[in-house]
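Numbering (our numbering), first residue to last: 1 to 302.
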């Protein structure tokens, strides 16, 4: 149900993209600024990215099936990777539009009115991007966070474009319109690269953060008082869901019922560490007296 609640934020992103595309195109038509045209092109990419995000969230929320027994959570990483690629594509489209304007500068028109329209579009993106990033981090949704960061690059792009137009107006140097657009494009390429890199890490089953792992270790350490130790703690993050595996060594005198109850309690304690995140905990029980129980310390069982 967690991903269901996130869809409303993606719909918000789609509405924001439609509004900003309209406003930025109007600003371009008013001013003839290549910077504003590039800005409008990036907002078109934002719209495509938001639609992709919605599709991937729908896929991620699908329940496990015979072919995907661990669920479809990783669909979110594909979404953020696509979003990162689109950000890079938008940056190169900005550069493509800006270079001819540097080589052949053209005067700007209706600068004041165009700036006001563009500022309105930027404020919409700023508000929506803040909402998306905040809720993406809160719900551990890389799709939502990526969409928010994409919109934030749009805000940065717009800020740079507006600065360029203001400098052109003040200095009369028409070439600044294109130069500033290229500078902003280089900055958002870095943002796209970071999103692609993070998506790749998620697809490679990256472990949860050290702080979160330390909390799990603290929970497990408490059970040493009951002569229960652990090893082979392994974790991975898959979209919004955490997967945690640990081997528990218990006194051999415990019967199956006792061991099962303790394992259930440990699993519950670990899940309670992450109340707002879907968490699956796997435990494997072995007798503490058996030396062989310490040999299985890797994912490849021998």
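Just so you know, even glycine gets a beta-carbon here, dropped at the ideal spot from N, CA and C.
Identity of the residue in 156, 97, 134 nearest residue 118 by Cα:
For residue 118, the nearest C-alpha among the options comes from 156.
Give the list of continuous alpha helix (DSSP H) stretches no shorter than 4 residues that lie fully inside the segment 100–141.
The segment 100–141 is shown to contain whole alpha helix (DSSP H) runs of 4 or more residues at 111–138, in chain order.
Residue nearest to residue 285 in terms of C-alpha spacing, selected from 13, 228, 164, 28:
Taking only the C-alpha atoms, the option nearest residue 285 is 228.
Select from 115, 67, 46 the residue whose C-alpha is nearest the C-alpha of residue 83.
Of 115, 67, 46, the residue nearest in Cα terms is 46.
Determine, using beta carbons only, whether residue 132 and residue 144 come nearer to each other than 8 Å.
Taking 8 Å as the Cβ cut-off, residue 132 and residue 144 qualify as a contacting pair.
Residue 246 - containing alpha helix (DSSP H), residue span
Where residue 246 is concerned, there is no enclosing alpha helix (DSSP H), although the beta strand (DSSP E) around it starts and stops at 241–250.
Residue 256 to residue 277, Cα distance in whole Å?
Between the alpha carbons of residue 256 and residue 277 lies a distance of about 30 Å.
Reduced DSSP secondary structure (H/G/I, E/B, other) of residue 312
Absent from the model: residue 312. The displayed extent of the chain is 1 to 302, so no value can be given.
Does DSSP put residue 153 in a helix, in a strand, or in coil?
Looking at residue 153 - three-state DSSP - the assignment turns out to be helix.
Which stretch, first to last residue, makes up the beta strand (DSSP E) that contains residue 286?
Per DSSP, residue 286 belongs to the beta strand (DSSP E) from 279–287.
DSSP state of residue 209, grouped into three classes?
In this structure, DSSP gives residue 209 a state outside helix and strand, which the three-state scheme calls coil.
Excluding five sequence neighbours on each side, which residues of the same chain lie with their C-beta closer than 8 Å to the C-beta of residue 54?
In the same chain as residue 54, and ignoring 5 residues on each side of it, the C-beta atoms closer than 8 Å to its own belong to 7, 10, 11, 14, in chain order.
Pair every Cβ in the segment 135–142 with every Cβ in the segment 157–168, then say whether three or more of these pairs are closer than 8 Å.
Touching, no.
Of the residues 275, 287, 95, the one placed nearest residue 179, counting alpha carbons only
Sorting 275, 287, 95 by C-alpha distance to the C-alpha of residue 179 places 95 at the top.
Can you grab the Cα-Cα spacing for the pair residue 232 / residue 245, in whole Å?
Straight-line Cα distance between these residues: approximately 8 Å.
When you compare the CB positions of residue 230 and residue 247, do they come within less than 8 Å of one another, or not?
Residue 247 is positioned such that its CB atom lies closer than 8 Å to that of residue 230.
Buried or exposed by the 16-neighbour rule on C-beta atoms within 10 Å, applied to residue 209
So residue 209 counts as exposed.
For residue 272, which three-state DSSP category applies?
Assigned with DSSP and collapsed to three states, residue 272 falls in coil, not helix or strand.
Here's a check: name, in chain order, each residue in its chain whose Cβ is nearer than 6 Å to the Cβ of residue 1, leaving out the five neighbours to either side.
Because the pLDDT of residue 1 is 39, which lies under 50, any placement of that residue in the model is unreliable, and the question is left without a value.
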